[in-house]
Amino acid sequence: MWGALVLALLFLTSRLGGKGRRRARPARQEAVPTWSELAELTGLVRDCDRSPAAQRVLAERLGRIAVALRVRREALPAGQAWEELEAGRWPPDPTLRAVLRPGRRPVPTGYRKQLAQAVDKLWLYAQGGQLDDR
Numbered sequence: 007m008w009g010a011l012v013l014a015l016l017f018l019t020s021r022l023g024g025k026g027r028r029r030a031r032p033a034r035q036e037a038v039p040t041w042s043e044l045a046e047l048t049g050l051v052r053d054c055d056r057s058p059a060a061q062r063v064l065a066e067r068l069g070r071i072a073v074a075l076r077v078r079r080e081a082l083p084a085g086q087a088w089e090e091l092e093a094g095r096w097p098p099d100p101t102l103r104a105v106l107r108p109g110r111r112p113v114p115t116g117y118r119k120q121l122a123q124a125v126d127k128l129w130l131y132a133q134g135g136q137l138d139d140r
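The working numbering puts the first residue of the sequence shown at 7, with every later residue one more than the last.
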């Protein structure tokens, strides 16, 4: 399950990492994440249940993905999307919002489950679904 979570995070990060639309270029082989990136992400997921720092780093990575998705889907300025995310007005789903805006203290139990749910919801949103509280 955690391997799928890590792969989904890497996929979403790689797909949404660029800013704006790219000009047509000759086809080239996509860069495969280096082992150090995978090791870092794996370590963050492993430590996220007890580490507020790991939760914040994961929230930042997922936040960039969520904002990029929203900007593409809703034609919204990135600054406004970040502002709404940081103010807690978006996304509407409370579980996803809790993962994207962790507090200073770690979530006592179940953070990994919330993280997995958040990644699933972002994946569905990337595929054209909606971010709601279901």
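Think of the CB as a built atom: it goes at the ideal place given N, C-alpha and C, for glycine as much as any other residue.
Query                                                                                                          : Result
Bounding residues of the alpha helix (DSSP H) (the contiguous stretch that carries ALA81)                      : Here ALA81 belongs to no alpha helix (DSSP H), and DSSP marks it neither H nor E.
Candidates LEU82, ARG78 and ALA60: closest to ARG107 by CA position                                            : ALA60
LEU130, enclosing alpha helix (DSSP H) - first and last residue                                                : 117-132
GLU89: CB within 7 Å of a non-hydrogen atom of the ligand FMN                                                  : Because no ligand of any kind appears in the structure shown, any question about the ligand FMN cannot be addressed here.
ALA124 classed as buried or exposed, judged by whether at least 16 other C-beta atoms fall within 10 angstroms : buried
Residue-level contact to chain D via CB, ARG118, 8 Å cutoff                                                    : Looking at the structure shown, chain D is missing, and only one protein chain is on hand.
Alpha helix (DSSP H) segment containing ARG103, residue limits                                                 : 100-106
Span separating the alpha-carbon of GLN133 from that of LEU15                                                  : 14 Å
Rounded C-alpha distance that separates THR48 from GLU80                                                       : 31 Å
Residue environment, PRO83, which counts as buried when at least 16 other CB atoms sit within 10 Å             : exposed
Proximity winner among GLN86, LEU128, SER20 and LEU75, relative to VAL105 (alpha-carbon distances)             : LEU128
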